[in-house]
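To start, the structure itself, in structure tokens.
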Amino acid sequence: MTTARVWEFAGTRGAVAARFWSAAEPWYVAVLVHGYGEHLGRYGHVVDVLVRHGAAVCGPDHMGHGRSAGERALIEEYDDVVADAHTVVEAARRDHPDLPVVMIGHSMGGLVATRYAQAHDGALAALVLSGPVLGRWHVVDELLPLDEIPDTPIDTSLLSRDPAVGKAYTEDPLVWHGPFKKPTVRALDTALKRVNEHGSLGDLPTFYMHGAADELVRPRDTRVGLDAVGGTDLTERLYPGARHEIFNETNNEEVLADVTAFVEGVLT
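Counting from 6, one number per residue, gives the positions in the sequence shown under our numbering.
Quick look at the structure:
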């Protein structure tokens, strides 16, 4: 894997760990925004593809996730996560002031990335959304009314058709394996409504990609969000049979090739 430069900064609610990788002569910046309960360390193969493609790659572990500070998997306000992502983007811009920025958000990170694009109009050259939590999320709908959230482990077979992905997820000490926190569920509900209400992404080139067999973040729910925020330059791709983590799926080479082809199409 490409060697990372590690940076820790004072985030909105404590220390945030961020990482930077770079091609020898990068021609764009790619910002990775990871999903709920995980961390950026799970994206090593994604980083390698992007760096070989000519990117300077960066991204944070969100508050309460991975190597960042905070109570595990606790997020009380998603605009704080957006603000931390912006700190990383600004640091990358200082290093590469003339390069276009592409943001790539997976799952909950897709929600954060979409909100970032709304809040920082014109900051991104392109947006890539992988199985994004947008519109509505059945997990939030089911958990929000409960006084006590059950400690039900994730069915890791829903992540990918490759059983090695689920095994690695289960054995990863930096992945959160406990239940949702009630404030996090409330914050997700607020963020979903905020993004829906904010409106269109305008002419921002956006690539929406999703596993057609995703039962963790269902495409039909995401469709609600796309109808609310999708702009005039939206590309869509559903992968038949693929589950939630399309970057870790059995056809991940195809998926990542689609990402780099999209970036080339936009930036060149």
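Quick reminder that beta carbons are idealized off the backbone N, C-alpha and C, glycines included.
Proximity to residue i [Cα-Cα], best of the options
{"i": "SER73", "options": "LEU272, ASP238, GLY140, GLY46", "result": "GLY46"}
{"i": "TYR83", "options": "VAL52, PRO31, VAL117, ALA96", "result": "VAL117"}
{"i": "VAL222", "options": "VAL145, ARG191, GLU202", "result": "VAL145"}
{"i": "TRP181", "options": "ASP167, LYS198, PRO158", "result": "PRO158"}
{"i": "GLY110", "options": "SER135, ASP103, VAL93", "result": "SER135"}
{"i": "ASP219", "options": "GLY49, PRO150, SER165", "result": "SER165"}
{"i": "ALA217", "options": "LEU197, THR195, HIS249, PRO188", "result": "HIS249"}
{"i": "ALA196", "options": "ARG141, ALA96, PHE14, PRO150", "result": "ARG141"}
{"i": "TYR48", "options": "THR273, THR92, TYR174", "result": "TYR174"}
{"i": "TRP12", "options": "HIS50, VAL94, ASN257", "result": "VAL94"}
{"i": "HIS20", "options": "GLY59, GLY75, HIS39, VAL38", "result": "According to the sequence displayed, residue 20 carries Ala and not His. The option with the nearest alpha carbon to ALA20 is GLY75."}
{"i": "ASP126", "options": "VAL56, ALA262, GLY207, ALA169", "result": "GLY207"}
{"i": "VAL36", "options": "GLY64, THR273, GLU269", "result": "GLY64"}
{"i": "VAL260", "options": "VAL271, ALA247, ARG98, GLY59", "result": "ALA247"}
Cut-off 8 Å between Cβ atoms - residues of its own chain near residue i, not counting five sequence neighbours on either side
{"i": "LEU209", "result": "ALA122, LEU129, ALA131, LEU132, GLY236, ASP238"}
{"i": "PHE200", "result": "Checking the sequence shown, residue 200 turns out to be Val, not Phe. Hits under 8 Å: LEU116, THR119, ARG120, GLN123, LEU139, GLY230, ALA233, VAL234."}
{"i": "THR240", "result": "PRO210, THR211, PHE212, TYR213, PHE267"}
{"i": "LYS172", "result": "THR161"}
{"i": "HIS143", "result": "ARG223, ASP226"}
As assigned by DSSP and simplified to three states, the class of residue i
{"i": "GLU220", "result": "coil"}
{"i": "GLU250", "result": "coil"}
{"i": "ALA128", "result": "coil"}
{"i": "SER162", "result": "helix"}
{"i": "TYR41", "result": "coil"}
{"i": "GLU153", "result": "coil"}
{"i": "HIS91", "result": "helix"}
Close-in-space but distant-in-sequence residues of the same chain around residue i (CB under 7 Å, 5 per side omitted)
{"i": "ALA9", "result": "ARG24, PHE25, TRP26"}
{"i": "LEU79", "result": "GLY69, LYS186, PRO188, THR189"}
{"i": "ASP156", "result": "GLY183, PRO184"}
Same chain only: Cβ atoms within 6 Å of residue i, ignoring 5 sequence neighbours per side
{"i": "HIS44", "result": "ASP66, HIS70, GLY71, LEU179"}
{"i": "ALA61", "result": "SER27, PRO31, VAL34, HIS101"}
{"i": "LEU193", "result": "VAL145"}
{"i": "ALA88", "result": "THR17"}
{"i": "GLY40", "result": "HIS111, SER112, MET113, GLY114"}
Which residues DSSP lists as bridging residue i, in chain order
{"i": "PHE25", "result": "ARG10, CYS63"}
{"i": "PHE212", "result": "VAL133, THR240"}
{"i": "VAL34", "result": "ALA61, VAL106"}
{"i": "GLY19", "result": "GLY16"}
Residue i: first and last residue of the uninterrupted alpha helix (DSSP H) it sits in
{"i": "MET113", "result": "113-124"}
{"i": "VAL268", "result": "257-272"}
{"i": "ALA78", "result": "Note, ALA78: premise wrong, no alpha helix (DSSP H); not H, not E."}
{"i": "ASP194", "result": "187-203"}
{"i": "GLY171", "result": "168-176"}
{"i": "HIS143", "result": "143-148"}
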